[in-house]
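Participant:
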Amino acid sequence: MKVIRVNSLREFEVDGEISVGSFVLTDNIIGVSATIYHQEEELTKYLSKGDMDMLRSFLPDILEPKYITRCYALMDTKLENPKNLPKIGSDVKILDDDSIKRIHVKNGELCIPYLPFLIKKDIEVSRHIVTKLIELFPEYRDVLEIILAEIEFRLIEEVDL
1 MKVIRVNSLR EFEVDGEISV GSFVLTDNII GVSATIYHQE EELTKYLSKG DMDMLRSFLP
61 DILEPKYITR CYALMDTKLE NPKNLPKIGS DVKILDDDSI KRIHVKNGEL CIPYLPFLIK
121 KDIEVSRHIV TKLIELFPEY RDVLEIILAE IEFRLIEEVD L
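Note that UniProt numbering has the sequence shown beginning at 1, numbered continuously upward.
Laid out in structure tokens, this is it:
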């Protein structure tokens, strides 16, 4: 998978389908997948069935729908706010549990510097991330459950009764 579009300093898009809430690494930027959407080529809207079949014989992949994953840049590999953009065409790697644990520990303590940004940007993804961290860091379960309760309270506040 590769970076195909950079929308802002904190948001980029990747070709392919990455499950929501997965941590990713590209260049020196750690991100999280936020949404997945389906994108069709603009050309397909204007072609007839016969034209599409003829075009498919020459360019078989142009008419295939693509999945795009929008990701948020959370921090760099030094656990600081990202200062540069991911480069278009950079490889994107999904992080495993051990890597996720490694990037969330600074000086032997749990460190989640991106959490305020993520709560403001996408509260559902924040909830998913904190739930994942509870699984990975059982020793910090109490603190993370308090954070999760605050996130869920904010979700309830958004609902009009």
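In this text, a Cβ means the ideal position worked out from N, Cα and C, and glycines have one as well.
Check whether the Cβ atoms of residue 15 and residue 4 lie closer than 8 Å to each other.
Facilitator: yes
Participant: If the criterion is Cβ atoms closer than 8 Å, does the pair residue 26 and residue 90 meet it?
Facilitator: yes
Participant: Identify whether residue 53 lies in helix, strand or coil by the three-state DSSP scheme.
Facilitator: For residue 53, the three-state secondary structure derived from DSSP is helix.
Participant: What's the C-alpha gap between residue 17 and residue 68?
Facilitator: 6 Å
Participant: If you run the structure through DSSP and keep just helix, strand and coil, what is residue 6?
Facilitator: strand
Participant: Compute the Euclidean distance between the alpha carbons of residue 10 and residue 73, then round it to the nearest angstrom.
Facilitator: Rounded to whole angstroms, the separation of the alpha carbons of residue 73 and residue 10 is 5 Å.
Participant: Where residue 152 and residue 13 are concerned, what is the direct C-alpha to C-alpha distance, given to the nearest angstrom?
Facilitator: Linking residue 152 to residue 13 through their CA atoms gives a straight-line distance of about 27 Å.
Participant: For residue 14, which beta-bridge partners are listed by DSSP?
Facilitator: Its beta-bridge partners are 3, 69.
Participant: Assuming contact is defined by CB atoms lying nearer than 8 Å, are residue 22 and residue 33 in contact in what I supplied?
Facilitator: yes
Participant: Would you grab the beta carbon distance between residue 97 and residue 148 for me? Rounded to a whole angstrom, and I think it's under 8 Å.
Facilitator: About 19 Å; that fails the 8 Å criterion.
Participant: Quick one: using the 10 Å Cβ neighbour count with 16 as the cut-off for buried, is residue 126 buried or exposed?
Facilitator: buried
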